[in-house]
Amino acid sequence: MPRRKHPRHRPIGEDTRIAVNLTLKKLLDTPDQKELEFPSSYTAEERAYIHELARGLGLKSKSRGKGMNRFLTVYKREGSTIVQADAVIKLQNASKQSIYNLSHTFPLNQKEYQDLLPPIERERPLSTDVNTNTKAMGRLNSSIPQVPQLKTNFDVLHFRKSLPIFNSREEILAALNNYQVVIIAGETGCGKTTQVPQYILEHCQQKHQACRIICTQPRRLSAVSVAERVAFERDEKIGQTFGYQIRLESRVAPKTLLTYCTNGVLLRTLMGGDSALSTLTHIIVDEVHERDRFCDFLMIALKDALVKYRSLKLILMSATMDTSIFVKYFNKCTVINVPGRSYDVDVYFLEDILKMTNYMTKEMLAMKKEFFKLKDQRKVLESWTQYKPQHSSRNATKEKCLLPAPILAQQSDPIPERVKLEPWLMEEMDKSVSDAWLHGGEDNFAQLLHFILSENVSVDYQHSKTSVTPLMVAAGRGCINTTEQLLNLGANLNLRAGNEWTALDWAKKMNQTECAELIEAYMKTYDCVVSNDELVRVAETSLAEEDKILLDIYHHTFNDDNIDYNLLLELIFHVHLKMQPGSILIFLPGYDDIVIMREKINAEEKKMSQNSRYNLYVLHSNMQTCDQKKVFKSSPHGTRKIILSTNIAETSITIDDVVYVIDSGKVKEKSFDAISGVCTLTSNWISQACAKQRKGRAGRCKRGICYRMFSSVRHNSMQPYQTPEILRLPLQELCLYTKYLTPGNTPIAEFLDRALEPPSNIVTRNAVQLLKTIDALDPWEDLTEMGSHLLDLPVEPRLGKMLLYAVVLKCLDPILTIVCSLAYKDPFILPSQPSQKRALTAARKKFATGTYSDHMVVLRAFQGWQNARASGKERAFCEKNFISAPVMEMVVGMRTQLLGQLRASGFVRARSPSDIRDLNSNSENWAVVKAALTAGLYPNLIRVDRDHLQLRTQKEVKVFFHPSSTLRDFPKSPRMTSAQTHAANVQALPCDWLLYEEMSRTGRFCHVKFVTLVNPLTVALFSGPARLPMDVLHEAEAVWESDSDSEVDESHEGTIFKLDDWVVFKLDPETADLFLQLRQKWNALFLRRMKAPNKAMSALDEKVINTLVTVLTNEEQACGLQQPTGIGQRPRPLIVDYYPANVRRDDYPERYF
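When we follow full-length UniProt numbering, the leftmost residue of the sequence shown carries the number 1, and every step to the right adds one.
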C-alpha cells in the first residue's frame, strides 16, 4: 500500500526556524554530541519542520509519545546511543492471569495512589514520617555534663608524667581558657590522644566545673583501644567515667564524661540536630592530618556550631600536618607544638637494603650480565630507529590478510614463559624479528606468529642483539592486527629493548597512533602497569654509581608498583637473625598482602627460630577488637614480636616496644573518577608526611631503624601530603549526610563549598544527580524514605539500595554476598604468568554456569570457597580458581557487619515473620535476585542494538565487554577478527538488556565490568523512580509529521512507556495496563516497608511478592534463561581471622555470616 501524501507544512515563525537551524548546526559542529532532544512544547508543524531539516542535513530524527508528551530526538547517523526500534515488552498468558488476579483481589487503593504521586512543589513534605532508629544511626548517648570524680592508677602515673605531652600540660589548659579553637600538633607517641582529655578532666575537677568530652578517632579500633587504655590509667572499668561508642557497639553510661567515638558517630549525632552539642563542653577531633572525608565534613558542621555554642571548645589534634590550613579555616585559634620522643631513627632505603641483604635473584644476575651487552645493543638500535618505516599502502595498513587469532582451545594450557631454544631456531627468530622491522610485509609477521604458535617460542622472545620483541616490532610498524593478536597471546608490556623502549614507546616514537591507543587500552582493561620512566630511572640522581647500577638491575626485573615479598622476607631474616632485640613493625597496604607475608614467614619457621623465638601479630582496622589487644603486650624475654600492619599503626595506635620499622611505602586507597563514575581500590605510594610518620614509630624505647623498601629517588618524588579523601572519593554518602546537617533549603553543593578544600562542582553535581536518579533524594534534594535508610548502611548508596530491595523481595543472602564483593574488591587474582589469563577466564566461566552473569561468578566463587574451606581444601581451591582467600575472609566479615546493621534498623528480626529464613525464601530464584540487582545498578543499563550488533548505554554508542567478563567469548575460528567476535557475542545474547557495575574508558575503547543479562520486564519494573506520573503510558499513534524516512513507522497500534530520557518500551494496551498495575503495587509495597521496617508484612504484601515472583519466573523462562540451582545456599558457620571490630562473635549465635 503506497504511503499517503502528507499535507504541506504550515509556515512557522522565523525565530523558531532560525533557532532550530542554529541548534542543529551546532550539533553537527560538536563532535562529542551525538543527539539532541527537543522539548514537548513544539507544535506538530514545528516538529515536521525539524524532521525535514534534519533529513536535509544528513541527520536522523525520531518522535515518540502523544499530545503534550510527544518528544522529538535528532541524532547523528553514527555515534548516537538511540536504538531505532523501541524495546518491546510482552507478557506470557500465565503472567497476565497472575497480575489480573492480584489487581482484582487487591486493587490500588487511594492511600497507595497518593503515596505514588510524584512530588510537586505545593505538596513538598515539610517533615518526614520515616521511622529512624537511634541505635541504627549510631548516635552518642544523651547524658549531661558533671563535675569529674577521678581516680588514679599510681602504677602508671610515672609513665604518664614521662610522656612529652606532659611538659605542655599547662600551656594546653591556658590556651583552652583563652581560645575557642586549639590546635595541638604533636609527633606520634607524644601521648596527646590519651592525656589531653585527662588534663581537661583534672582541671575541671580542680575548678569544680562540669564537663563532658567527646574525642573522635578515624578508626573503630583506635577508639576502643584508647578508651580502654585511659580507663586503665584511671583504675576504672570501661563504660563508667570513660567509654567508647562505635557503630553498633557502645560501652557508655549516663555518668560517662569522656567518650571516644568514630567521626561517623559524631556526624550521626549532629544529624539528629545540633542541640546534642548543648550537653558537650569539649570536642576533640584526633588525627585530623589524615583528612578522611568524615573529618573534613565534620569541620564544616563544627565551624557553624562554634558560632551558636560560644562555650563549646574545639581541640584539633594531629601528628604531622600543615597547620596553616586549619588556622586559616578557623580564624582565631592557637597552635601548640609538642615534640616527640628524643631517640634518633636511622633510615635505610632500597639501595641500602639490597646491599645489606646481598639480595640477588636469578633474573637480576641475568640482567647484570645483560647490562654489559647494552652498549652494543644500543648501537644496533640506533641504526634501526634512525630508519623510520613509512606507512604502507591503504590495504597493507589495514592488514587485510587474515592472520590466525588465538582461540581458547589453543590457550587452555599455559605456554612456558621461557624455553631454551635450539640455536637454529634462535637464529631464525632473530632474522624474522629483524626482517619484520626493517622490511615489514605480511609474510614476515605471519612467519613470526607461526614460530610463536607452532614452535613453542615465547610470545616475549627478545632479539639476541637488541632485546626487541615481536610486539615492539608490530607496534613500531603500525601493524594493528598483529599487535592485537600478540596482546591476546599474553605479550608482556613491561619488557624493554636495549634502548629502554617498551612496546608503547615504540608505537609512540614511530608515530603509530592507532597501535599506541590499542596498547594503552589493553593496559587499562587488563590492569597492566608499565613502570613510570621518570621514577624508575635513577641515572640523573646524586646516587653513587654502584647504587645506580644496582637499582637499575632491580627495577628491570621487578615492577615496584607491587610488593616484593621475597625481598621483604630476606630483610625480616636480616633483622630477626642479626640485629639486637626489639619488635619489628611492618607496614603493608592491605589485608591480602598481610596474609601472604604471614604465610611466607610461617613457612620459614625453622630458619626464623634458629637464634630466638618470635610471635607474629596482625593489625587491621576491621579486625576484631579482642584479637588486636595482644599486640600491645610485651613479648617474653628471648622472643621477638613481629607485627604485620596496615597504615592503622601509622598514627592511630602506638606500640611502645617497636625498634625496627619496615615500610613498604604503599597504602590502599579508594579513588573515584567523577566523569566515568568508576571507583577503584588500589595500592598507591604514600606521601612524604606518611613516610615520616612511619619512621617515627621506631625508636620509642631506644634508638631505632627504619627500612624503606623504596629508593631515595622515589622518596624525593612523593607528594608532600596525601590527597584528602573528600577530593578523591565519591560524595554520595556525604551528600546524604548533608541533608541532616543543614537548614531545609540549603543546596548540598553550597554546604560542601564551605569545606577546607571543597570538591569540584562536577563531582558534587554528579553525586547529587545520582542520588536523585536512584530515588535517595527527591527533586528538591530532600531525603526520600529510602534515602534515610541508606545512611545507616556502610556501603555506597547504590549497593545499599540493592540490599533494601533484596530484603523486601526476600532474597537477602545472595545479594548480601554480591554487595560485599562489589564493595570490597574482585576476589579473583590476576595470574603471575600472562599466558594463564585464559585459564583464569575459564575458571570464571565455570562459575557463571551459563547464566550470562558476572555477579553469579562472585556468588558461586564465594560459595565454592566456603565449601572448600569447610572440607579443608581451601588452598587447592584458591590456586585452581585464582581466588584470593583474604578477600573472601573480608567478605565474610562485611556480611556480618551489614547483617548486624539490618537487624539494628529493624529489617531483620529474630523469631518473627521477618526472621532471616523468611527473608531468604526467594533466594533460590535467580530471576528475583536479578530484580534486586537491577534496582541497585540502575541507571547502569546497556541496550542491545540488534541492527548494528552493538551494545549501547545512555552516553556511549559502542561498549565492549571487559576481558574479565564471562559474557565476552573467544573467537570461534582462527580467522575471526575482534570486531567479528564482539558482534557474534552480541548476537548470541538471548535478551536485549544488561546491567553493569562499572565502566572504564581508554581512548576510543569503552569497557564494562560485572555485567548481568536481564529480561526487559525486569528492567521496566525495577528501574527508574518509584513515583512516576500517573499518565506515564502514552498511546503510540500515527502523527502526520512523522515524515522522516529515518523514523520508525509508528502507525501500528501500541502503548509507549517512557521510564526516563533513554529507556522507552512499547507494549500492547492490555499488557501495558497489567504491567503498570503490577509496578504500582510493588512500589507502594516498597515505600510502605521503607516507612515502617518494623511492621510485619500483611496478606496483601505477601500476595504482591508472590505475584512478582511468578511473573518474573515466567518471563525469565520465556526468554530461554535457565534457573541455576543452589544459589540460595545458606553460608556455613566459619571461624576466620577477620571479624569487624564492631561485632562480637557471640552476638550471633546463629553464626549467620
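Just so you know, even glycine gets a beta-carbon here, dropped at the ideal spot from N, CA and C. For clarity, every value in this text was computed on a predicted model and none was experimentally measured.
Asked	Found
Secondary structure, alpha helix (DSSP H): runs of 4+ residues fully inside the region 159-210	169-178, 192-207
Integer Cβ distance of Gly476 from Trp437, believed to fall under 8 angstroms	7 angstroms
Distance between beta carbons of Phe330 and Val181, contact taken as under 8 angstroms	5 angstroms
Opening and closing residue of the beta strand (DSSP E) in which Val944 lies	941-945
Span of the beta strand (DSSP E), counted from its first residue to its last, around Asn647	That residue, Asn647, is in no beta strand (DSSP E); it is neither H nor E in DSSP.
Other residues of its chain near Arg697: CB distance less than 6 angstroms, five sequence neighbours each side excluded	Leu585, Val658, Val661
Simplified DSSP state of Met317, which is helix, strand or coil	strand
Segment limits, alpha helix (DSSP H) that includes Ser978	978-988
Supposed close pair Met299, Thr193 - CB separation, criterion 8 angstroms	Going by Cβ atoms, the distance from Met299 to Thr193 rounds to 19 angstroms, so no, they are not a contact pair.
Same chain, Cβ closer than 7 angstroms to Gln732, five either side skipped, listed in chain order	Ala767, Leu770, Leu771, Glu796, Pro797
Supposed close pair Gly699, Tyr343 - CB separation, criterion 8 angstroms	4 angstroms
Arg17 (DSSP reduced to helix, strand or coil)	helix
Beta-bridge partners of Cys701, as assigned by DSSP	Beta-bridge pairing links Cys701 to no other residue.
Neighbour-count burial assignment, Ile18, 16 or more Cβ in a 10 Å radius	exposed
Arg640 - DSSP class collapsed to helix/strand/coil	strand
Per-residue burial, Trp865 [other beta carbons within 10 Å of its own, 16 or more giving buried]	buried
Nearest-angstrom Cα separation, counted from Val335 out to residue 1197	The question about residue 1197 has no answer, for the chain in this structure spans 1 to 1153.
Close beta carbons around Asp775, own chain, < 7 angstroms, minus the five adjacent residues each side	Thr784, Met786, Pro1025, Ala1026
Those residues which DSSP pairs with His282 across a bridge	Ile213, Lys313
Environment of Ala227 [buried if 16+ CB atoms lie within 10 Å]	buried
Proximity below 8 angstroms, CB of Val1011 to CB of Phe961	yes
Beta-carbon proximity check, Val1008 vs Ile916, cutoff 8 angstroms	no
Residue span of the alpha helix (DSSP H) that contains Asp663, given as start and end	Where Asp663 is concerned, there is no enclosing alpha helix (DSSP H), although the beta strand (DSSP E) it sits in stretches over 658-663.
Secondary structure of Trp506, DSSP reduced to three states	helix
Collapsed DSSP secondary structure at Val1032 in the structure displayed	coil
N-terminal and C-terminal residue of the beta strand (DSSP E) that Thr334 is part of	333-338
Outcome for Glu455 when other beta-carbon atoms lying within 10 angstroms are tallied against a minimum of 16	exposed
The alpha helix (DSSP H) enclosing Lys308, as first and last residue numbers	293-308
Length of the line joining the Cα atoms of Phe445 and Val618	52 angstroms
Buried versus exposed call for Tyr938 [16 or more other C-beta atoms within 10 Å across all chains shown]	buried
Beta-bridge pairing of Ile586 - partner residues as DSSP gives them	Leu644, Ile662
Residue range of the alpha helix (DSSP H) that includes Cys735	732-741
8 angstroms Cβ cutoff met for Ile1056 and Arg47	no
Secondary structure of Arg968, DSSP reduced to three states	coil
Under 8 angstroms between C-beta atoms of Leu1021 and Trp1082	yes
Nearest-angstrom beta carbon gap, Val468 and Val433 [assumed within contact, 8 angstroms]	6 angstroms
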